[in-house]
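For reference, the structure is listed below as structure tokens.
Chains as they are written, first to last, in this note's numbering: chain Y, 20 to 398; chain H, 20 to 398.
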């Protein structure tokens, strides 16, 4: 497990929330951590400088599917790997590409060997196998790679979920075996992914089977696929404690700001979501006073900052009136300033969570959230 | 003339090129200067921080027409003026809106009182008079305002140009008189604009008539309207020496990188153009080795910086391969990185020009440009 070392610094006796450090070849990540999503080799609208100096992000996520199609993992490898390509010196986690492929709906065909799909860019046929997605991610040079898994929509029958879970387990074994043959000295960790739809027995069986791989970390996948949000929480709460306490646990693709502390309370260490950046570009901004829909007329002459409690560049520098103007005028600068703020908002939540756990005050922290104004005002 | 003070530091005896300082209420501008264009209250894709820390721009340009329509000059005034609105603490020059209105073609009607036009956003009718455009610019709080002028297309007959020139002079007088009534203590300078199409006699007559206003600076307008580029140079070369040597001279809307030193050699102190930023967003990048069209396949795996002689953030940090990928993928970050570079390229040319003038070496500088690789490789 030299590729990655996890150090638990504090565990909340009451909730199971943990604070820790993940040591990678590209720096140390303080957990619990939220990972900004950098789909196509860029966290949309932000420079690596913004991510480091303003946001102090320690790890970002890249999407294997997108990078595989454009510019291509072999090209990225030839120009020195993804870190150098995007000039990001800190850690990178890549997904397996499976989630995107399974979102293609009509364009794919699943067999036991893998998944055949057509590029959303030009319709070209491609095939992802458990082995090939490991190869793609090794070419990218990511610090944390994910196994190919089958990600189901919601709802599915128990029979479908069972069959799919077995395929996910077979793929994880095949991918992991391939990884062990290839990984020597490359300092890339590979995480298996627990599936099982919303069925507790399948989640348990899947976690148990994947444990045999003795991986340096485990993910919980198949959430945020259309199920009620309470069900996502229930599945994470059920699955996380089944995974080894001395390895990081990663819930993929979540969540809303007020959900982050709840996942952490289940013993989750890592999360990612496009929500802060995508909502930012669409003018939906998260603040300590609730959600701000910046196009609303009430902000036309609002001289106050977006979030008076936020210390990001956007909130330190600009008024809501200006941000609204940029949004209405379709200016590129809006995307940059809004993304800077929303991602900072997420990272600041995680910093407060971590701080509370280290202080041994996480139960009090959770209580304070319930009694205070909502972290996220819905709508 | 307390609104603006111009200090000539050095004049090239051979060419007439000058190096100087323009002192404004929002800082001192080193001339010759190229002003990045910030049409809608933002230099597209750049933060004010980029403009200050990376580019060290001392003055930017705002477009009165666009800001008048959206969000509206009265709104900007109520939230504290354009500087505060866009969080730009340095100098701002605004045009009169005339150029944009005259670009509207079918949507306008010119009378002696001003110009009636319809908004390109929603078709609403509006009227700009020589007085009202001064009022709009005073509301914006710009440091250097421009009078309303009639900007003709190319070519026009001498008769048309003569009639239009007289209108421009009448408008300049009306606008200037209104300005003198209103300006007291506002620290906003107003520049008249020499018109006259491509007719030397009209340029001379217009310059002479506008001199009566004893303005703190003068502009040469009506260039870059479709005429051959040599003709633009001829008109600037003819007109600049007619303007007072102790006031800044501003040629509006120019030019290509290799044209900048030539305008300066005519005794021009200020220029602006959308070219560096617009070309950047379209993937046309200026470099010391010639123009780079980033979409070209030759850059797919090019690990070298865009311009090895450039010290901008983009060139210090990223490869052509990465920039090409961002462009092909339609990523917002491309616009930011490309604009940062192209604007820096323009500002660095101006810094080299100024340096050569101060050293008394401007003729040698011009000669070195002709013998070296072209500043701009055309195509």
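Note that the Cβ used here is the ideal one computed from N, Cα and C, for glycine as well. Just so we're clear, the structure is a prediction, and the values are computed from it rather than from any experiment.
Would you kindly report the start and end of the unbroken beta strand (DSSP E) that includes residue i?
| i | result |
| --- | --- |
| residue 110 of chain Y | 110 to 113 |
| residue 147 of chain H | 144 to 147 |
| residue 50 of chain Y | 46 to 50 |
| residue 238 of chain Y | 237 to 239 |
| residue 347 of chain Y | Element bounds for residue 347 of chain Y: not the beta strand (DSSP E) but the alpha helix (DSSP H), 339 to 347. |
| residue 40 of chain H | 37 to 43 |
| residue 129 of chain H | 127 to 130 |
| residue 78 of chain Y | 78 to 81 |
| residue 305 of chain Y | Looking at the DSSP string, residue 305 of chain Y is not in any beta strand (DSSP E), and its letter there is neither H nor E. |
| residue 28 of chain H | 24 to 30 |
| residue 137 of chain H | 133 to 137 |
| residue 291 of chain Y | 289 to 291 |
Strictly under 8 Å for the Cβ-Cβ distance: is residue i near chain H by that measure?
| i | result |
| --- | --- |
| residue 347 of chain Y | yes |
| residue 360 of chain Y | no |
| residue 87 of chain Y | no |
| residue 350 of chain Y | yes |
| residue 106 of chain Y | yes |
| residue 357 of chain Y | no |
| residue 344 of chain Y | yes |
| residue 12 of chain Y | For chain Y, the structure presents residues 20 to 398; residue 12 of chain Y sits outside this window and is missing. |
| residue 354 of chain Y | yes |
| residue 310 of chain Y | no |
| residue 299 of chain Y | no |
| residue 395 of chain Y | Below a pLDDT of 50, predicted positions are generally treated as unreliable, and residue 395 of chain Y, at 44, falls in that range; the measurement from the model is reported next regardless. Closer than 8 Å: no. |
| residue 378 of chain Y | no |
Within the continuous alpha helix (DSSP H) that includes residue i, where are the two ends?
| i | result |
| --- | --- |
| residue 104 of chain H | 100 to 105 |
| residue 367 of chain H | 351 to 377 |
| residue 90 of chain H | Taken as a continuous stretch (DSSP letters only), residue 90 of chain H belongs to no alpha helix (DSSP H), as it is neither H nor E. |
| residue 33 of chain Y | Looking at the DSSP string, residue 33 of chain Y is not in any alpha helix (DSSP H), and its letter there is neither H nor E. |
| residue 299 of chain H | 294 to 300 |
| residue 401 of chain H | An answer regarding residue 401 of chain H cannot be provided, because it is not within the stretch 20 to 398 covered by chain H. |
| residue 383 of chain H | 381 to 390 |
Taking Cβ positions only, does residue i come closer than 8 Å to chain Y?
| i | result |
| --- | --- |
| residue 316 of chain H | no |
| residue 146 of chain H | no |
| residue 303 of chain H | no |
| residue 198 of chain H | no |
| residue 336 of chain H | yes |
| residue 332 of chain H | yes |
| residue 84 of chain H | no |
| residue 313 of chain H | no |
| residue 320 of chain H | yes |
| residue 341 of chain H | yes |
| residue 20 of chain H | Reliability of the predicted coordinates at residue 20 of chain H is poor, the pLDDT of 45 falling under 50, and no value is obtained from them. |
| residue 398 of chain H | Because residue 398 of chain H sits at a pLDDT of 33, beneath the cut-off of 50, its placement in the model cannot be relied upon, and the following sentence gives the value as read from the coordinates. Residue 398 of chain H does not count as touching chain Y. |
Selection of the stretch 89 to 101 of chain H by Cβ proximity to chain Y, strictly under 8 Å: For the stretch 89 to 101 of chain H, which is checked against every Cβ of chain Y, the residues closer than 8 Å are 89, 90, 94, 97, 98, 99.
For the stretch 54 to 80 of chain Y, list every residue whose C-beta sits within 8 Å of some C-beta in chain H, in sequence order. Within the stretch 54 to 80 of chain Y, the qualifying residues are 59, 60, 61, 63, 64, 65, 66, 67, 68.
For the stretch 137 to 145 of chain Y against the stretch 169 to 187 of chain Y, are there 3 or more C-beta pairs whose distance is under 8 Å? As far as the Cβ criterion goes, the stretch 137 to 145 of chain Y does not touch the stretch 169 to 187 of chain Y, which means the pair count is below three.
Please confirm if the stretch 101 to 115 of chain Y is in contact with the stretch 150 to 162 of chain Y, defined as three or more CB-CB distances below 8 Å between the two stretches. At 8 Å Cβ cutoff, the stretches touch.
List in chain order: all unbroken alpha helix (DSSP H) runs of 4+ residues lying wholly within the stretch 217 to 280 of chain H. Qualifying alpha helix (DSSP H) stretches, in chain order: 219 to 230, 248 to 258.
List in chain order: all unbroken beta strand (DSSP E) runs of 3+ residues lying wholly within the stretch 147 to 223 of chain Y. Counting only runs that start and end inside the stretch 147 to 223 of chain Y, the beta strand (DSSP E) elements of at least 3 residues fall at 163 to 165, 208 to 210.
Scan the stretch 135 to 162 of chain H for residues whose Cβ lies nearer than 7 Å to a Cβ of chain Y and list them as they occur along the chain. Hits within the stretch: zero.
Counting only Cβ-Cβ distances shorter than 9 Å, please list the residues of the stretch 179 to 210 of chain H near chain Y, keeping chain order. Taken residue by residue, none of the stretch 179 to 210 of chain H has a beta-carbon sitting less than 9 Å from a beta-carbon on chain Y.
Taking contact to mean at least 3 C-beta pairs separated by less than 8 Å, is the stretch 338 to 358 of chain Y in contact with the stretch 349 to 360 of chain H? Counting Cβ pairs under 8 Å, three or more are found: they touch.
Given 8 Å, three or more beta-carbon pairs between the stretch 270 to 280 of chain Y and the stretch 65 to 75 of chain Y: Because the criterion of three Cβ pairs below 8 Å is not met, the stretch 270 to 280 of chain Y and the stretch 65 to 75 of chain Y do not touch.
Check whether the stretch 253 to 265 of chain Y touches the stretch 218 to 232 of chain Y, counting contact only when three or more Cβ pairs, one atom from each stretch, lie closer than 8 Å. By the Cβ test, the stretch 253 to 265 of chain Y is in contact with the stretch 218 to 232 of chain Y, since at least three Cβ pairs between them sit closer than 8 Å.
Pairing CB atoms from the stretch 162 to 173 of chain Y with CB atoms from the stretch 210 to 218 of chain Y, are three or more of them under 8 Å? A contact exists between the stretch 162 to 173 of chain Y and the stretch 210 to 218 of chain Y.
Examine the Cβ distances between the stretch 72 to 87 of chain Y and the stretch 299 to 317 of chain Y and report whether three or more of them are shorter than 8 Å. Inter-segment contact for the stretch 72 to 87 of chain Y and the stretch 299 to 317 of chain Y is absent: fewer than three beta-carbon pairs are separated by less than 8 Å.
Are three or more beta carbon pairs between the stretch 34 to 44 of chain Y and the stretch 368 to 382 of chain Y nearer than 8 Å? In short, these stretches touch, since the Cβ pair count reaches three.
Three or more C-beta pairs below 8 Å linking the stretch 362 to 373 of chain Y and the stretch 44 to 57 of chain Y: Contact between the stretch 362 to 373 of chain Y and the stretch 44 to 57 of chain Y is present, because at least three Cβ pairs lie under 8 Å.
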